[in-house]
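Chains as they are written, first to last, in numbering that gives the first Met the number 0: chain C, 0 to 296; chain X, 0 to 270. Backbone N, C-alpha and C define an ideal beta-carbon position, used for all residues, glycine too. For reference, the structure discussed in these notes is given below.
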Amino acid sequence: MGKSSPTTRRNRRLGLLFTAPWLIGFAIFTIYPFAASIVLSFTQYSVLSPPKFIGWSNYLDLFRDPLFWTSMYNTFYFAAFSVPLGAIIGVLLALLLNQDVKGLPVYRTVYYLPSIVPVVASAIVWMWLLNPYYGIINAILERFGIPGPGWIADPAWSKPALIIMSLWGVGNSTLIYLAGLQDVPVSLYESADLDGAQAWHKTIYITIPMITPTILFNVVMGLINAFQYFTQAYIMTNGGPADSTLFYSLYLYNNSFRYFKMGYASAQAWLLFIIIMFFTLLLLRSARHWVFYAGED
Amino acid sequence: MIGQIVTHCILIIFGLIFILPLVTMVSTALKPDVQIFAWPPVWIPNPRMWSNFPRALTFVPMILYAKNTVVITATSVIGVVLSSPLVAYGLARIDWPERNLLFLLIVSTMMVPYQVTMIPVYLLFNSLGWINTYLPLIVPSFFGNAFFIFLLRQFFMTIPRELSDAARIDGCSEFGIYSRIILPLAKPSLAVVALFQFIWAWNDFLGPLIYLKDQTKYTISLGLQQFQSGYQTEWALLMAAATMATFPIIILFFFTQRTFIQGITLTGIKG
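Encoded structure:
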């Protein structure tokens, strides 16, 4: 801090005063838990008896735990399909909605509604829709002569079922893409028109590049959410059948609040944080190869 | 012209897919037991069993859960609306050297997954004796929420500096400028914050699952899940309960659509 003018000092004091609620909350709900979870990850702790220091055992046990690897595989599988598919469908719908269509408010409402339905309610509804014997989805498939799979009752189909269900909530990012599309300067299209560009070319060479920052934002957020995927799996399948929907966060929850292995679960939480950081940074680093920032030349 | 028709066709097909689960929810909620397992499925139940709704209420105390949820939701909305604009003001309207660094820190905490801090925070609340109370679900909101601070900060930056300067010359204190000039201007963004927090708190599942033990304290989401795992085969009643849990949110959405759309638009800008 050193030598600073009285105004600077006064402003700093005021600034700290106004931001105090967050700073205090940050210390209690972020810094302290971070530090505590590192310490806990090196202990055996069941809440009932005091924590016992066991060194790296939790981490070593995790790497030898087949369920840990199953949960890792399931989570990557889920993220690898739900995030890119969500981005593609989201951009596609936003492009269609951006064409001056009549009835835009109606479409916007219909697409967005699933995003605000309570997760528990939507999980219950989808269990019914995906019911192999009485569900609407298999009824529709049968109409087309396709024998419907067992969906969440079949280990081979449970993850695809949850991925399809996750795409139902694509409306939120669709509206964010739409906002991005509406920010693209009209002048860009006008000069392309003068050059006689086709609509298709304008989409590929102007529209898509201009919304790449929004795509990056949605993909990063989508990835973080995918790694934290929990509620639907907890309610609909509780990890089954045959651990095919035991996702990372579900296994973490089971370890902490079902088996009360707080130390083991803390090690898992830390690994989750490192994985999320790694992929977020990877995406942000990749940004300079495909994200176009207007006004930066 | 043909392009327009194709666009509408695709949009309508997607629209039907998006609305189908909600239609199914309401239609199943109104079905008499014999039509639930009918194959092929019955789309429009006949007769419509409105009595499924009061019947569901005798199985799940939805009214009590709704009351609990309203208490938690309303208090946490008050929490974020009191705290987040204060912090945003400190970042946007007071010129101090470390403010951008702090802003960066706040934004980066948005990427910290809930699971990482979940266990120590649980143990902390446990040692305070707060388990099975609403405090763990309410108190954190009074310390500001990174996402809302970000949103409000972006808005506060757009308010002309001259407004504050003029008030300062008139001898107005910093808190006076905040409460009498900036906050009234920020009403629309505060509405966005309140609305989003309301939806999140209303729909939250993991928080109540971890902290609430006593059935009489359950929220709608937790109560619905407990009912689901207990009465898996009572599909009509389950759907009636799910409809009742969803209905208030949908009503709220229809009355506040413009605020919603504005909020989502703000989210995306310079994300």
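### Query
Are the beta-carbon atoms of X/Thr302 and C/Leu39 separated by less than 8 Å?
Lying outside 0 to 270, the shown extent of chain X, residue 302 of chain X is not represented and no answer is given.
### Spatial distance of X/Val111 from X/Val191 (CA atoms)
The residue labelled residue 111 of chain X in the question sits at position 112 within the second sequence. The residue labelled residue 191 of chain X in the question sits at position 192 within the second sequence. When rounded, the distance between both Cα atoms is 23 Å.
### Query
C/Gly14: which of X/Leu127, X/Ile118, X/Ala165, X/Leu100 sits nearest, CA to CA?
Taking the first residue of the first sequence as 1, we reach residue 14 of chain C at position 15. Cα-wise, what sits closest to C/Gly14 is X/Leu100.
### Message
Here's the rule: buried if 16 or more other CB atoms are within 10 angstroms of the residue's CB, otherwise exposed. What is X/Lys186?
### Response
Working through the second sequence from its first residue, we reach residue 186 of chain X at position 187. The C-beta of X/Lys186 has fewer than 16 other C-beta atoms within 10 Å across all chains shown, which makes the residue exposed.
#### Entry: Residue of X/Glu161, X/Tyr113, X/Leu162, X/Ser163 minimising C-alpha distance to X/Pro139
The count along the second sequence starts at 1 and reaches residue 139 of chain X at position 140. Cα-wise, what sits closest to X/Pro139 is X/Tyr113.
### Query
Hey, X/Gly175 and X/Val59: beta-carbon distance below 8 Å or not?
As a working note, residue 175 of chain X is residue 176 in the second sequence. As a working note, residue 59 of chain X is residue 60 in the second sequence. No, they are not a contact pair.
### Task
Could I get the ranges of all uninterrupted alpha helix (DSSP H) runs contained in the region 51–83 of chain C, with 4 residues as the minimum, in chain order?
56–63
### Query
Under the three-state reduction of DSSP, which class applies to C/Gln197: helix, strand or coil?
Within the first sequence, numbered from 1, the residue matching residue 197 of chain C stands at position 198. Coil at C/Gln197, not helix or strand.
### Query
Are the C-beta atoms of C/Asp296 and some chain X residue less than 8 Å apart?
Here residue 296 of chain C corresponds to residue number 297 of the first sequence, with the count starting at 1. Legend: pLDDT at C/Asp296 = 39, less than 50; position of this residue unreliable, no value from coordinates given.
### Query
So what does C/Thr42 bridge to, in DSSP terms?
Counting from one through the first sequence, the residue named residue 42 of chain C turns up at place 43. C/Thr42 is bridged to C/Phe52.
### Task
Under the assumption that C/Ile205 contacts C/Leu193 (Cβ atoms under 8 Å), give the Cβ distance between them as a whole number of angstroms.
On the first sequence, residue 205 of chain C is found 206 positions in, with the first residue counted as 1. On the first sequence, residue 193 of chain C is found 194 positions in, with the first residue counted as 1. At roughly 13 Å, the Cβ-Cβ gap does not stay under 8 Å, so C/Ile205 and C/Leu193 are not in contact.
### Query
Using CA coordinates, which residue listed in X/Ala240, X/Lys216, X/Cys8, X/Val79 is at the minimum distance from X/Pro53?
Here residue 53 of chain X refers to the residue found at position 54 when the second sequence is read from its first residue. Checking every option, the nearest Cα to that of X/Pro53 belongs to X/Ala240.
### Message
Against chain C, does X/Ile137 count as a neighbour if the rule is that its beta carbon must be under 8 Å from one of theirs?
### Response
Here residue 137 of chain X refers to the residue found at position 138 when the second sequence is read from its first residue. False, the Cβ-Cβ gap to chain C never drops below 8 Å.
### Message
Please identify, using Cβ separations under 9 Å, the residues of the region 115–130 of chain X that lie next to chain C, in order along the chain.
### Response
Val115, Thr116, Met117, Ile118, Pro119, Val120, Tyr121, Leu122, Leu123, Asn125
### Query
Using a Cβ-Cβ distance under 8 Å, would X/Ala65 count as near chain C?
Stepping through the second sequence from its first residue, residue 65 of chain X is reached at position 66. Output row for X/Ala65: interface = no.
### Exposure label - C/Asp296; buried when at least 16 CB within 10 Å
Counted from its first residue, the first sequence places residue 296 of chain C at position 297. Confidence at C/Asp296 is low in this model, with a pLDDT of 39, below 50, so its placement is unreliable and no value can be given for it.
### Task
In angstroms with no decimal places, state the Cα-to-Cα distance between C/Leu174 and X/Thr264.
As a position in the first sequence, residue 174 of chain C is number 175, starting the count at 1. As a position in the second sequence, residue 264 of chain X is number 265, starting the count at 1. Straight-line Cα distance between these residues: approximately 7 Å.
### Query
Nearest CA to the CA of X/Glu115: which residue from C/Met209, C/Asn224, C/Ser265?
Translated into the one-based positions of the second sequence, residue 115 of chain X becomes position 116. Note that residue 115 of chain X is Val in the sequence shown, not Glu. Considering only alpha carbons, the answer is C/Ser265.
#### Entry: Own chain partners of C/Val100 with C-beta closer than 8 Å, once the 5 adjacent residues on each side are dropped
Position 101 of the first sequence, counted from the start, is the residue given in the question as residue 100 of chain C. Closer than 8 Å at the Cβ level, and outside the excluded window around C/Val100, lie Tyr106.
### Query
Taking a cut of 8 Å between CB atoms, which residues from the region 273–294 of chain C lie near chain X?
Ile275, Met276, Thr279
### Query
What is the residue span of the alpha helix (DSSP H) that C/Thr18 lies within?
Counting from one through the first sequence, the residue named residue 18 of chain C turns up at place 19. For C/Thr18, the enclosing alpha helix (DSSP H) starts and ends at 5–25.
### Task
Compile a chain-ordered list of the residues in the region 11–36 of chain C whose CB is closer than 9 Å to at least one CB of chain X.
Arg11, Arg12, Leu13, Gly14, Leu15, Leu16, Phe17, Thr18, Ala19, Pro20, Trp21, Leu22, Ile23, Gly24, Phe25, Ile27, Phe28, Thr29, Tyr31, Pro32, Phe33, Ala34, Ala35, Ser36
### Task
Using a Cβ-Cβ cut-off of 8 Å, state whether X/Ile268 counts as contacting chain C.
For the purposes of this step, residue 268 of chain X is identified with residue 269 of the second sequence, where counting begins at 1. Bear in mind that a pLDDT of 49 at X/Ile268, under 50, signals an unreliable position, so the model cannot answer this.
### Same chain, Cβ closer than 7 Å to C/Glu141, neighbours up to 5 away in sequence not counted
Translated into positions along the first sequence, residue 141 of chain C becomes position 142. Gly147.
### chain X within 8 Å of C/Leu92, Cβ atoms only
Residue mapping note: residue 92 of chain C aligns to position 93 of the first sequence, counting from 1. Taking CB atoms only, C/Leu92 has a neighbour in chain X less than 8 Å away.
### Query
Mind checking C/Pro49: buried by the 16 CB within 10 Å criterion, or exposed?
As a first step, residue 49 of chain C must be located in the first sequence, where it is residue number 50. Exposed.
### Residues from the region 155–175 of chain X in contact with chain C, defined by Cβ distance under 7 Å
Listed by position along the chain: Glu173.
### Message
Taking beta-carbon pairs under 9 Å, can you tell me which members of the region 175–190 of chain C lie near chain X?
### Response
Near chain X, meaning a CB-to-CB distance below 9 Å, the residues of the region 175–190 of chain C are Ile175, Tyr176, Leu177, Ala178, Gly179, Gln181, Asp182.
#### Entry: Interface residues of chain C facing X/Ile4 [CB-CB closer than 9 Å]
Mapped onto the second sequence, residue 4 of chain X falls at position 5. Near X/Ile4 there are no residues of chain C at all, since even the closest Cβ is about 11 Å away, more than 9 Å.
### Task
Starting from the Cα of C/Lys158, find the closest Cα among C/Ile210, C/Arg9, C/Thr211, C/Ala225 and give me that residue.
Locating residue 158 of chain C in the first sequence gives position 159, counting from the first residue. Ranking the options by Cα distance to C/Lys158, first place goes to C/Ala225.
### Query
What residues of chain C sit near X/Thr132, judged by a beta carbon separation below 9 Å?
Residue 132 of chain X sits at position 133 when you count from the first residue of the second sequence. Per Cβ cutoff of 9 Å: no residues; X/Thr132 is ~17 Å from chain C at best.
### Proximal residues to X/Thr255 (C-beta, below 7 Å), its chain only, five neighbours per side dropped
Locating residue 255 of chain X in the second sequence gives position 256, where the first residue counts as 1. Closer than 7 Å at the Cβ level, and outside the excluded window around X/Thr255, lie Leu194.
### Message
Pairs of beta-carbons, one from the region 244–252 of chain X and one from the region 116–132 of chain C, closer than 8 Å: are there three or more?
### Response
yes
### Interface residues of the region 235–252 of chain C facing chain X [CB-CB below 7 Å]
Ser248, Leu251
### Message
By the 8 Å beta-carbon criterion, what residues does the region 106–119 of chain C contribute toward chain X?
### Response
Tyr106, Arg107, Thr108, Val109, Tyr110, Tyr111, Leu112, Pro113, Ile115, Val116, Pro117, Val118, Val119
### Query
For C/Ile223, which of helix, strand or coil comes out of DSSP?
Here residue 223 of chain C corresponds to residue number 224 of the first sequence, with the count starting at 1. C/Ile223: helix per DSSP, three-state reduction.
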